[in-house]
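Data block below; observations after.
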Amino acid sequence: MTDPTATVRELLREHYSSLTQSERKFATSLLENYPAAGLASITIVAANAEVSTPTVARMVQKLGFKGYPQFQQALLKELEAKVSGPTQRRDKWITEAPEGHLLNRFAQAVTDNLGQTLFNIDPEQFDSAVRKLANTEGRLYVVGGRITRALADYAFTHFQAIRQRVTHMTSSSATWPHYVLDMVEGDTLLMFDVRRYETNLQRLAELAADRGVKIILITDQWASPIAPVAQHSFNCWVEIPSAWDSNISTMMLLEAMIAATQEEGWSETRDRYDRLDELFDMTRLFRKFS
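Sequential numbering of the sequence shown, starting at 1, is according to UniProt numbering.
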């Protein structure tokens, strides 16, 4: 019996070591176009992955499903969750949320989100992404979407203090070609994209990737369509008892990245902090207490 709260992607990661070579081939094919690649008939998905139908059936059972129909239903539910809007999310929580005060339910949901997010972060991937964020030989670009642009702005404010050569791309996609024009191989693009995923962000990622830019994606548990072109993709759990998704786990990951980037090049960063404080004193931007 499979865990009803686990996504198929999580189950694949959990059971990957026990899969045969053919089963891993199907798993890779599924993840390359997830979850759409698993929504056709079992014969079609097997043919698309160039494996046999029994291979697909065996792998599905290894993941804990009784058969392919139950496996496919799980993928359909994930796809439905991906495209759901605020009204559908609220209706789901109203009918399925546990009893108790909203504050308690909210706190439990946030705690679960943080735990799931941390559990699914690969430390080596995190460290590799941080090295790219700290690498001043290339320029760092930061961009977000309709909701996540607030996270992008927060990220830019900190990274601009930590390192040189940081660019905050505007929220207007009409201006993005001007930024892409100056992108070169060795640059890094930090992107935020959560459901409902934005087609303009996906196109930006594709254009940047074509120019050799390394993409670091922060997305939700269902994964933005940008993920296939990203060098590093981090999934943050976001569901809460609300019509809106939560940015708490996303912010946790971002702040961890900011802290790690600061430490990666601390000698240079400390010097920048000192010089920045001198400038703040000269402009009298902040009140000083003696």
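Where is the CB? At the ideal position from N, CA and C, for every residue including glycine. None of the values given here were measured: they were computed from a predicted structure.
Check                                                                                                                                                                : Outcome
Report the residue ranges of all alpha helix (DSSP H) runs contained in full by the region 174-199; include only those spanning at least 4 residues, in chain order. : 176-182
Give the range of the beta strand (DSSP E) segment to which V143 is assigned.                                                                                        : 140-143
Which runs of the alpha helix (DSSP H), 4 residues or longer, sit entirely within the region 41-89?                                                                  : 42-49, 53-62, 68-83
Taking only runs that begin and end inside the region 202-234, name each unbroken beta strand (DSSP E) of 3 or more residues, in chain order.                        : 214-220
Quick check: M169 and V143, are their CB atoms within less than 8 Å of each other?                                                                                   : yes
Measuring CB to CB, does N235 end up less than 8 Å from N120?                                                                                                        : yes
From this set, R105, A223, E23, which residue's C-alpha is nearest Y197's C-alpha?                                                                                   : A223
Only counting the same chain, and skipping five residues up and downstream in sequence, which positions put a Cβ closer than 6 Å to that of residue 293?             : Any answer about residue 293 is impossible in this case: the structure gives the chain only from 1 up to 290.
Going by C-alpha to C-alpha distance, which of V130, A150, Q125, Q164 sits closest to E137?                                                                          : Q164
In the DSSP assignment, the alpha helix (DSSP H) including V8 goes from what residue to what residue?                                                                : 8-15
What are the start and end residues of the beta strand (DSSP E) that includes H168?                                                                                  : 166-168
Tell me where the alpha helix (DSSP H) around I248 begins and ends.                                                                                                  : 248-264
Using 8 Å as the threshold, is the C-beta distance between V166 and E264 below it?                                                                                   : no
Pick from L31, T219, S128: whose alpha carbon is nearest that of N247?                                                                                               : T219
Where do the ends of the alpha helix (DSSP H) carrying P123 lie?                                                                                                     : 123-134
Looking at the unbroken alpha helix (DSSP H) that takes in S29, where does it start and where does it end?                                                           : 21-32
Quick test of your reading: Y16 and A27, contact by CB under 8 Å. State the CB separation rounded to the nearest angstrom.                                           : 7 Å
Using beta-carbon positions only, say whether Q262 and V238 come within less than 8 Å of one another.                                                                : no
Alpha carbon to alpha carbon, how far is L151 from A205? Give it in angstroms, no decimals.                                                                          : 18 Å
Kindly give me the distance between the Cβ atoms of A174 and R272, rounded to whole angstroms, as I take these residues to be in contact under 8 Å.                  : The pair is not a contact, with the Cβ atoms about 32 Å apart (cut-off 8 Å).
What residues in its chain sit with their C-beta under 8 Å from that of L253, if we drop five residues either side in the sequence?                                  : T117, I121, I218, F234, C236
Just to confirm before moving on: does the CB-CB distance between L11 and L63 stay below 8 Å?                                                                        : yes
Closest to I147 by CA distance: which of S41, H158, W244, V56 is it?                                                                                                 : W244
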